[in-house]
Amino acid sequence: MIDRFVLHTIIKIYTTPKLRTAARRLTRTVFSRFFGAQYKAQLFPKRIPVFSVDHQLDDYIPFVPQYVSTYLNFMAFWIRPLGILLKKYPSYAREYGSDLIHSVERLYLYASDMYQHAFSTTSRPRYLKSWSFILIHATDPHLCCVPSLHVMLALHTYIKIGRLFRSLNIEHAFGTTLRTEAIHITEAVLHVKQHSVNCIAAALYTMHCFDPLLFNHAEINGFIDDLFAEDAYILPKNKQIIQDHIHRLYKAFCDSGATSSSWKQPLLNFLFTQPRVR
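At position 171 of the sequence shown (counting the first as 1) the number is 170 in numbering that gives the first Met the number 0, and the numbers step up by one without a gap.
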């Protein structure tokens, strides 16, 4: 959720000319290419097919409403490091801030290439016992599951921004590691039933295609290996089964992508094997 520090950072971004320009572009992209595309699909159904991407392994991951705050933290997750730069290292913020915002916009543009061809969704409980879930159900048409921008942004923040902070020797500015938070956000999208295990593999594959050197196989496979390490809601034997599935599907996407004309083709091939719901 948005805390006072994140809110102050957003205000600071929009009152800093160089950052404001990049932030306005990002905002337009998010509303037009992500939310706008989904709302348009709701108004004009069947123009773009919608597929269900649930997997039977999703049943091994219980619905845990308490994870919603972690789930909703995905935007604050990348904004908070920029706030640290603005507050403690203003010279770095001036030099790198605009590029960081632009890199997030590029993620949205990259993922939206898929949404122009096919939408995807999952079964989620209509849980209305908290304002957070009411907000989710009221604003999220839930049609952009493959690839998951939640997971993409989590991975982008811990690898790209984490690498920047290490290069500037200011990694100590964080109270916890970015990687740990990225793992928790990825787990949260499953526990609040906004995504399937299939969505995780698709998002990791998309990030590898986005930047193969930065989001390399070793980094991504290590990330998968560490999922659910501290998760008390999933049986240990099931954790391994879920990890193995994500590993296999990620590798299958990568192998297929190596001989495809477009990075999107393996994901589209996969979606068209799933049940069409609209």
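Beta carbons: idealized from backbone N, C-alpha and C, even for Gly.
Report the rounded CA-to-CA distance for residue i versus residue j, giving the unit in angstroms.
i: Gln55; j: Leu18; result: 44 Å
i: Leu71; j: Glu229; result: 20 Å
i: Phe34; j: Asn215; result: 29 Å
i: Gln283; j: Gln242; result: Nothing in the structure corresponds to residue 283, since the chain is present only between 0 and 277.
i: Pro44; j: Pro61; result: 31 Å
i: Ala217; j: Leu148; result: 21 Å
i: Gly161; j: His7; result: 22 Å
i: Ile135; j: Ile184; result: 16 Å
i: Ser166; j: Pro48; result: 44 Å
i: Phe132; j: His141; result: 13 Å
i: Phe269; j: Leu226; result: 23 Å
i: Tyr204; j: Pro80; result: 25 Å
i: Ala92; j: Ile182; result: 26 Å
i: Ala201; j: Tyr249; result: 7 Å
i: Cys144; j: Leu212; result: 25 Å
i: Phe16; j: Met74; result: Note that residue 16 is Pro in the sequence shown here, rather than Phe. Going by the C-alpha atoms only, they are around 21 Å apart.
i: Gln65; j: Thr258; result: 42 Å
Using three-state DSSP, classify residue i as helix, strand or coil.
i: Glu188; result: Looking at the sequence shown, residue 188 is not Glu but Val. Correct three-state label for Val188: helix.
i: Val29; result: helix
i: Ser195; result: coil
i: Ser119; result: strand
i: Ser51; result: strand
i: Asn275; result: Note on residue identity: the sequence assigns Arg, not Asn, to residue 275. Strand at Arg275.
i: Ile169; result: coil
i: Arg46; result: coil
i: Asn215; result: coil
i: Phe227; result: coil
i: Asp210; result: coil
If residue i sits next to residue j, beta carbons under 8 Å apart, how far is it from one beta carbon to the other, in whole angstroms?
i: Phe252; j: Leu267; result: Going by Cβ atoms, the distance from Phe252 to Leu267 rounds to 11 Å, so no, they are not a contact pair.
i: Asp112; j: Lys263; result: 6 Å
i: Ile83; j: Val5; result: With 8 Å as the limit, Ile83 and Val5 do not qualify as a contact, their Cβ atoms being about 11 Å apart.
i: Ser51; j: Thr120; result: 6 Å
i: His207; j: Ile223; result: At roughly 12 Å, the Cβ-Cβ gap does not stay under 8 Å, so His207 and Ile223 are not in contact.
Using a Cβ-Cβ distance cut-off of 8 Å, determine whether residue i contacts chain B.
i: Phe227; result: Reference to chain B is not applicable here, since this structure consists of a single protein chain.
Check your understanding: Is the stretch 114-134 in contact with the stretch 93-105, if contact means three or more CB pairs nearer than 8 Å?
Key -> no
Review point. Any contact of the stretch 189-197 with the stretch 20-34, i.e. 3+ C-beta pairs under 8 Å?
Key: As far as the Cβ criterion goes, the stretch 189-197 does not touch the stretch 20-34, which means the pair count is below three.
Review point. Does the stretch 184-192 touch the stretch 148-158, meaning 3 or more C-beta pairs lie closer than 8 Å?
Key: Yes: at least three Cβ pairs fall under 8 Å.
Review point. Does the stretch 166-176 touch the stretch 69-88, meaning 3 or more C-beta pairs lie closer than 8 Å?
Key: yes
Check your understanding: Which runs of the beta strand (DSSP E) spanning at least 3 residues fall entirely within the stretch 103-155, listed in chain order?
Key -> Counting whole runs of 3 or more residues, the stretch 103-155 contains the beta strand (DSSP E) stretches 118-120.
**Study point:** Runs of alpha helix (DSSP H) lying entirely within the stretch 65-91, each at least 4 residues, in chain order
**Key:** Complete alpha helix (DSSP H) runs here, min 4: 67-70 and 73-87.
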